[in-house]
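Chemist:
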Amino acid sequence: MKSLMNVTVLMVALLWPLHSHAANEQQAPAKEPAGARPLPMALVPYVPPKPMRPTPKIRISQGGTRGCGGFPLVSLLAPEHVGRTTQAQPQLYWHTSVMSQKPAVVTLSHHGAVEPLLEWHLPAPIDPGIHVIDMAQHGIHLQVGKTYEWSLRIHCGAAGSSAGDLVVKSYIERVTADEATRLMAQRDEPLTVAHAHASSGIWYDALTTLHVAWANNPADHTLQSAWSGLLEQVALTQPD
């Protein structure tokens, strides 16, 4: 019952982007009535890359480790396989359901490496909601063809000890987009760009496109549907 409530909280929170910016005035051609729009999953269908490389299912915390008893649900907004990006400096997203009174650390490293490329310490308190890890702000450049592990660790135990810490992790690989995807990604319409990335299996670029667009246009229900529909396709919200 507690797990279901946690996932419900996650579902609601994920329907609100991190930032709210003033919407830019745009004139979109009215080709069809709003009621005739396709369902969210049809807006931005995600097609996992082939061959799909599954990852350990630890992108979502269970909220009950020894030192973090009762800690809120924490989730990386990533699929359960190696997610792709075409960007040298992509944005990664994670979510916590309520304010955390525990410090955390974000790490990024080459898959299998001992020393991290990034170790970013987040002091408590940590606000609830969606958080962005922007590689550009940290001077990190991903290499084409390389796989990286990224993780979030909430320090819950005694100082200097990792025992009982809450850890979630996922993986990202930088790839080169094919010519068709690259050309579509140059369009100005965010749904078109997100669709091009998602249908080519480029998860992180599709997610970032929708997050930025919706943050700039928070009243746009079509972008909201596309965002929630994309997350639902990788089981990051509670199914109906």
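Under our numbering, the first residue of the sequence shown carries the number 9, and numbering increases by one thereafter.
Even for Gly, the Cβ is constructed at its ideal location relative to N, Cα and C.
Predicted, not measured: the structure shown is a model, and the values here were computed from it.
1. Hey, how far is the Cα of residue 158 from the Cα of residue 141?
2. Going by DSSP, what residue range makes up the alpha helix (DSSP H) through residue 197?
3. Would you please state the rounded distance, in angstroms, between the beta carbons of residue 238 and residue 54? I believe it to be under 8 Å.
4. Which runs of the beta strand (DSSP E) at least 3 residues long sit entirely within the segment 171-241? Give them in chain order.
5. If you draw a straight line from the alpha carbon of residue 123 to that of residue 227, how long is it in whole angstroms?
6. State the start and end residues of the unbroken beta strand (DSSP E) segment that holds residue 147.
7. CB-CB under 8 Å to residue 206, same chain, minus the five flanking residues each way: which ones, in chain order?
8. Please go through the same chain and pick out, in chain order, the residues whose beta-carbon is closer than 6 Å to the beta-carbon of residue 114, but skip the five residues on each side of it.
9. Judging by CA-CA distance, which residue of 163, 219, 151 is the nearest neighbour of residue 85?
10. Within its chain, find whatever has a CB closer than 7 Å to the CB of residue 89; leave out the 5 residues flanking it on each side and keep chain order.
11. Under a Cβ-count criterion, where at least 16 other Cβ atoms within 10 Å of its own Cβ denotes burial, should residue 58 be classed as buried or exposed?
Modeler: In terms of the structure at hand:
1. 10 Å
2. Careful: residue 197 lies outside any alpha helix (DSSP H) and carries neither H nor E.
3. 6 Å
4. 174-182
5. 43 Å
6. Counting along the chain, residue 147 falls outside any beta strand (DSSP E), and DSSP gives it neither H nor E.
7. 52, 53, 54, 55, 214, 238
8. 128, 141, 160
9. 219
10. 56, 60, 61, 62, 63
11. exposed
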